[in-house]
Amino acid sequence: MIEAAVPGAAVEIAPNPNPSLPHSLRIAPACALAVAKFLRDDEDLKLDFLSNVTGVDWPESLEAVYHLYSVEKKHGPVIIRMHTVNRTDQVELPSLTPIWRSAEFQEREIFDLYGIIFTGHPDLRRLLMWEGFKDHPMRRDYVAPDDFEYEPTAHDEVLKRAEAHQAAAAEPQESGAGV
Amino acid sequence: MSESQTKPSILADKPEGWNRPTAIEPQNEGELLEVAMGPHHPSTHGVFRMDVALDGERVIRLRPVFGYLHRNHEKIAEGQSYLASMPYTDRLDYICPITNNWAYALAVEKLTGQEVPERAEYLRVILGELTRYQNHASSIGFLIQEMGASGTPLMYAFREREKILDLFEELTGARMMVNYMRFGGCRVDASPGWLDRTRKVVAGLTEFADEFDRLLSTNEILMARTQGVGVLRPELAVNAGVTGPMLRASGVNYDIRKVDGYGIYNRFKFRVPLGDHGDVYDRYMIRMLEMRESIKILEQALKEIQPGPVMDSKAKIRGLRPKVGEAYGRIEAPKGELGFYLISDGGPNPYRYRVRPPSLINLTVLEDMCLGVNVADVVLIFGSVDIVLGEVDR
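If you read the protein sequences in the order shown, they are chains A and B.
Positions 4 to 182 (the working numbering) are the ones given, in order, by the first sequence.
Positions 716 to 1109 (the working numbering) are the ones given, in order, by the second sequence.
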């Protein structure tokens, strides 16, 4: 894993806590496009197939994980990951869609569900939620509203009358004889 | 309707500097027509929408719209135990639930390092290949149905699918929502009678493939409608992450059963059919040929299967708490590469649970294939991608 030979890239190995499973490469977002281009075009690596893009919500930052394989050389996976600075206002990461088209929908999905803004993505819109939806539902602190499309129905009026009736019935009655 | 309320035209947001062939210019004079195909359109296999801009009959721009069936499967899975997600994976691609179970079980087994007994591996292969067969048969049926041959081919395919689903029902208790696999094996063992009946059904599958071949493969209308339509270049297919029969129809030799050899696939002799044109006809033909390869695998597996346990006796299923770590398990599902990416923080729920849906990612190239064709061919090209909306929207 000697990528530093090509660009002045900041790449470090992020160990997988489970040692029997593959480790991954953590890449500084600033040089991610150059590194990705190198990984795709290098003669020995030829990682021409981006299989999977995942967003992860960590307590202090958001993360995008890319699983790369090589169709030509039939090896893989090489896992690269990028972190945002924080979870609130600095959530930009460079989009790798110009390198691998298969990131197009998956990065849109992460933008939609996690709120990572992929700069350089050609068509960054919400994928699964509707336009005009405000929050990012896959974040761990997301609180779902009680009802998405609340509108009063006839049922509510009946319920109100029933509640008023129950409240009146619960009051103690003076004559006290009735059944 | 005021101007701010009108829906933005799909022609308006043509992205700049984007290597897509969006530069198709209208040839006819007159207005362009924007059509929303779906979400309630019989050819969209569910609730999927394509916003299409038409110049006469030609497609100038196509924009897929997702999310009508979104129920945030991943969020739900992160809130419950590992085992509790197993029945939910059936609902992703509901045409082939077995392979969804398998991919999820594989990812968890990678995470925990569990071993799978031999007989369970054989049962997985047998059920997986039966699933592939019935998926390809019915997907061809749907494709031909959308071409206008209403009824007959689809009903032939469904007749065969029903025989396979009867086997599933006998073994697992359900035709489609099987919930069959467990981490470290399978839920129940197959009886000798079930294996005999499966052998009988498999013996009849070749006959059906021959019949389908005779009925369709050289049919003049089918060839005229599908050959040269929706061509997908191999470089674009690889770059866009297209997998499964669609990738192989473009001539790229990449089958995860061969590449990863997960399970016990490296014990079986089978070939990987490849196309050379990458058009709709090739995709149809690849599925026909893969059905025959599935029969070969089934015959070998049914001959070699030995008695034994189907579960690792030490396997812990309930209250599973994998060690801290992450794993990505992927299999060759009938529709393409189905992967599950799991991050464990040592707790009873996965910290991150991600499904890599082949149906969604195969649709990345839908617009590239559809530009410039007639609107009637959009239905065919879309049908040849073979998607299930439960998996696209999750």
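Glycine residues also receive a C-beta, built at the ideal position from the N, C-alpha and C atoms.
Just so it is clear, the structure is predicted and the values come from calculations on it, not from any experiment.
For threonine 804 of chain B, there are no C-beta contacts with chain A under 9 Å, since the nearest C-beta of that chain is about 16 Å from it. Taking every protein chain shown into account, the CB of asparagine 89 of chain A has fewer than 16 other CB atoms within 10 angstroms, so this residue is exposed. Here the alpha carbon of isoleucine 1058 of chain B sits roughly 39 Å from the alpha carbon of arginine 776 of chain B. Per the DSSP secondary-structure output, methionine 765 of chain B pairs in a beta bridge with B/Met752, B/Pro779.
Here isoleucine 16 of chain A is exposed. Its C-beta has fewer than 16 other C-beta atoms within 10 Å. With contacts defined by Cβ atoms closer than 8 Å, valine 774 of chain B and leucine 1086 of chain B form a contacting pair.
Alanine 952 of chain B and valine 1080 of chain B have their alpha carbons spaced roughly 8 Å apart. Here DSSP, grouped into helix, strand and coil, assigns cysteine 34 of chain A to helix. CA-to-CA, the gap between arginine 912 of chain B and leucine 71 of chain A works out to about 42 Å. Between aspartate 991 of chain B and isoleucine 82 of chain A, the alpha-carbon positions lie close to 31 Å from each other. Counting of Cβ neighbours within 10 angstroms places lysine 1031 of chain B among the exposed residues, the total staying below 16. Residue pairing of histidine 70 of chain A in beta bridges, as defined by DSSP: A/Asn55, A/Ile82. Spatial neighbours of glutamate 107 of chain A in its own chain (CB-CB distance under 8 Å, excluding positions within 5 residues in sequence) are listed in chain order as Thr100, His124, Pro125, Asp126.
Within the same chain, Cβ atoms closer than 8 Å to the Cβ of methionine 141 of chain A are found at Gly58, Asp60, Leu116, Tyr117, the five residues on either side in sequence being excluded. Looking at the backbone, the Cα of glycine 863 of chain B and that of arginine 940 of chain B are separated by about 11 Å.
In the DSSP assignment, glutamate 1041 of chain B forms a beta bridge with B/Ile1058. DSSP places alanine 106 of chain A within a helical segment (H, G or I) once states are collapsed to three. Taking 8 Å as the cut-off, the Cβ atoms of glycine 1040 of chain B and proline 1063 of chain B do not count as close.
Contact check for isoleucine 855 of chain B against arginine 1002 of chain B passes: the beta carbons are separated by less than 8 Å.
In the DSSP secondary-structure assignment, leucine 96 of chain A is bridged to A/Phe121. The beta carbons of glutamate 1052 of chain B and glycine 959 of chain B sit closer together than 8 Å. The contact set of histidine 70 of chain A on chain B, defined by CB atoms closer than 9 Å, consists of Tyr1043, Arg1045, Gly1054, Tyr1056, Arg1071 in chain order. For histidine 788 of chain B, no Cβ of chain A is located within less than 8 Å of the residue's own Cβ.
If one requires a minimum length of 4 residues, the alpha helix (DSSP H) runs lying completely within the region 921–993 of chain B are 935–941, 949–954, 960–964, 971–974, in chain order. For tyrosine 837 of chain B, the enclosing alpha helix (DSSP H) covers residues 833–862. For the region 49–81 of chain A, residues whose beta-carbon sits nearer than 7 Å to a beta-carbon of chain B comprise Asp51, Phe52, Leu53, Ser54, Asn55, Thr57, Val59, His70, Val74, Lys77, Pro80. Contact annotation for isoleucine 855 of chain B against chain A: no contact, minimum CB-CB distance about 26 Å [criterion: below 9 Å]. Interface with chain B (8 Å Cβ-Cβ cutoff): proline 140 of chain A is included. Scanning its chain for C-beta atoms nearer than 7 Å, with the 5 sequence neighbours on each side dropped, one finds around glutamine 829 of chain B the residues Phe898, Gly899, Asp1027, Ala1030, in chain order. In this structure, the alpha-carbon of isoleucine 120 of chain A lies about 39 Å from that of glycine 843 of chain B. When C-alpha distances from cysteine 34 of chain A are compared across A/Ala165, A/Ser98, A/Gly79, the shortest belongs to A/Ser98. Annotation for glutamate 134 of chain A: no beta strand (DSSP E) segment contains it, and DSSP assigns it neither H nor E. Within chain A, the residues Phe108, Gln109, Glu112, Leu130 have their CB atoms less than 9 Å from the CB of leucine 1075 of chain B, given in chain order. For the 8 Å CB-CB criterion, glycine 976 of chain B and glutamate 833 of chain B do not form a contact. For tyrosine 797 of chain B, there is no enclosing alpha helix (DSSP H), as DSSP gives it neither H nor E.
Here glycine 908 of chain B carries a helix assignment [DSSP, helix/strand/coil].
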